[in-house]
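In the UniProt record's numbering, the protein residues as written are 1 to 291.
Dropping the structure here:
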C-alpha cells in the first residue's frame, strides 16, 4: 500500500492527454502534407523543381549525402535499436525499452506499408525517370527521427539534453541529405517527421498511463535550456530562410521562371526546420518530466 501511495504521489499532475493531442495533430499533418504535395499539380511541380535543382549540388556535397545515407543499413539500425534496448535494461526499466524500441520498429512498419501499399502518386504533371513513383514517406528520415525520439524516451532525465545535442544534428542532417541525394522530396521528409512524432507521442501516452512518468523535482539544467533555445532559433531561421527562398522568386516570376537551385535550397531549409520543430515539440512535451 505504501508503494501504491508513492506511485500516486509521483505521478500526480502528469496528464497523458498531451501526447494523444500531439499524436493526433501529427497524424493530421501527415495527411495534409500528402494531399497538398502529392494530390495537387502545383505541389508536384514545386517539389519536382526542387529535385531538378538538386542536380546543381557540387560533387562533394552530393557525395557526403550519399555516404551518410548509405551508413543507415539494417545492421546499423539493429545496432542502434539494441543500444536503446540495452539502456532500458541497464535502468531496469523494461517498459521504457519496449516503448522506445516500439517507436523504431513501428516507424518502419508504418512508413513501408504506407509507401508501398497504401499511398499513391497520381500523374498530375509530366515527369521523367524514376520520379513518377510514390516516395512518401521517407524511410531514412523516419529511422533518424524515431531513433532520436526513442533515445529521449529511454534516457535518464539528466542525460536528455546530451541525447538531443548528439542525435538531433544527425537526424536533421539525414532529412536534408535525402533531398540532396534526390532520394526523396520535401513532403517525404515532413511526413516522416510527423509519423515519427505521432508514434513517439503514443509511446509516451502509454508510459504515462502506466504510471511510468513523474514530475522532475530537481533543479533546472541550464545546458538543456541553451540547447533548446539554440534549436528553436535554428528552426525559426530555417522557416524564415525557406519562406524567403520560395516566396520571393515565386511571387516575382512564378514557378516557371524561378531558379530551380533556389527552390531546392528552400526545400532543404524547410526540411531541416521540420525535423527540428518535431524534435522540439516532443522534447517540450517531456519538460520537467522524468521516468
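Even for Gly, the Cβ is constructed at its ideal location relative to N, Cα and C.
Cα-Cα separation, residue i to residue j
| i | j | result |
| --- | --- | --- |
| residue 119 | residue 217 | 45 Å |
| residue 59 | residue 69 | 15 Å |
| residue 61 | residue 50 | 16 Å |
| residue 124 | residue 30 | 20 Å |
| residue 164 | residue 254 | 39 Å |
| residue 41 | residue 197 | 28 Å |
| residue 264 | residue 242 | 10 Å |
| residue 158 | residue 195 | 27 Å |
| residue 108 | residue 126 | 30 Å |
| residue 56 | residue 257 | 17 Å |
| residue 63 | residue 78 | 25 Å |
| residue 260 | residue 88 | 46 Å |
| residue 214 | residue 19 | 15 Å |
| residue 122 | residue 24 | 26 Å |
| residue 166 | residue 188 | 24 Å |
| residue 278 | residue 52 | 27 Å |
| residue 267 | residue 54 | 10 Å |
| residue 169 | residue 92 | 29 Å |
Neighbourhood of residue i by C-beta, 6 Å cutoff - its chain only, sequence neighbours within 5 removed
| i | result |
| --- | --- |
| residue 190 | 33 and 274 |
| residue 185 | 47 |
| residue 80 | 147 |
| residue 27 | 198 |
| residue 269 | 238, 241 and 242 |
| residue 36 | 43 |
| residue 8 | Here residue 8 scores only 44 on pLDDT, less than 50, and its place in the model is too uncertain to base an answer on. |
| residue 83 | none |
Proximity test, Cβ basis, 7 Å: residue i and chain B
| i | result |
| --- | --- |
| residue 290 | Absence of chain B from the displayed structure is noted, only one protein chain being present. |
Same chain, Cβ closer than 7 Å to residue i, five either side skipped, listed in chain order
| i | result |
| --- | --- |
| residue 172 | 272, 275 and 276 |
| residue 66 | 181 |
| residue 95 | 207, 210 and 212 |
| residue 111 | 137, 139, 142, 192 and 195 |
| residue 45 | 125 and 255 |
For residue j and residue i, believed in contact at Cβ under 8 Å, the rounded distance
| i | j | result |
| --- | --- | --- |
| residue 228 | residue 283 | 7 Å |
| residue 292 | residue 262 | The question about residue 292 has no answer, for the chain in this structure spans 1 to 291. |
| residue 106 | residue 199 | 5 Å |
| residue 145 | residue 85 | That pair is no contact at about 18 Å. |
| residue 132 | residue 221 | So it is not a contact: roughly 49 Å between Cβ atoms. |
| residue 291 | residue 212 | 6 Å |
| residue 209 | residue 16 | 5 Å |
| residue 289 | residue 14 | 6 Å |
Cβ neighbours of residue i in the same chain (closer than 8 Å, five flanking residues each side left out)
| i | result |
| --- | --- |
| residue 280 | 228, 231, 232 and 235 |
| residue 143 | 72, 77, 104, 107, 108 and 174 |
Practice problem: Give a yes or no on contact between the segment 97-107 and the segment 143-153, applying the rule of three or more CB pairs nearer than 8 Å. | Solution: By the C-beta criterion, the segment 97-107 is judged to be in contact with the segment 143-153, since at least 3 inter-stretch pairs fall below 8 Å.
Quiz prompt | 4-residue-minimum alpha helix (DSSP H) runs that sit fully inside the segment 184-255, ordered along the chain | solution = Fully enclosed alpha helix (DSSP H) runs of 4 or longer: 186-209.
Practice problem: Can you check the segment 50-119 for any alpha helix (DSSP H) of at least 4 residues that lies completely inside it and give the ranges in chain order? | Solution: DSSP runs (the alpha helix (DSSP H)) wholly in the segment 50-119: 59-70, 74-90 and 94-113.
Quiz item: Does the segment 221-238 come close enough to the segment 259-275 to have 3 or more Cβ pairs within less than 8 Å?
Solution: A contact between stretches requires three or more CB pairs, one per stretch, nearer than 8 Å, and the segment 221-238 meets this requirement with the segment 259-275.
Quiz item: Do three or more CB pairs link the segment 71-88 to the segment 194-214 at distances below 8 Å?
Solution: No, the segment 71-88 does not touch the segment 194-214.
Exercise. Report yes or no: do the segment 107-116 and the segment 129-144 share at least 3 C-beta pairs separated by less than 8 Å?
Key: Result yes; three or more Cβ-Cβ pairs closer than 8 Å.
Practice problem: Flag this pair as touching only if the segment 241-251 and the segment 167-180 have three or more C-beta atom pairs under 8 Å; answer yes or no. | Solution: The segment 241-251 makes no contact with the segment 167-180: fewer than 3 CB pairs, one atom from each, lie closer than 8 Å.
Exercise. Could you tell me which uninterrupted alpha helix (DSSP H) segments, each at least 4 residues in length, are contained entirely in the segment 115-187, listed from first to last along the chain?
Key: For secondary structure counted as the alpha helix (DSSP H) over 4 or more consecutive residues, the segment 115-187 holds these complete runs in sequence order: 139-154 and 160-180.
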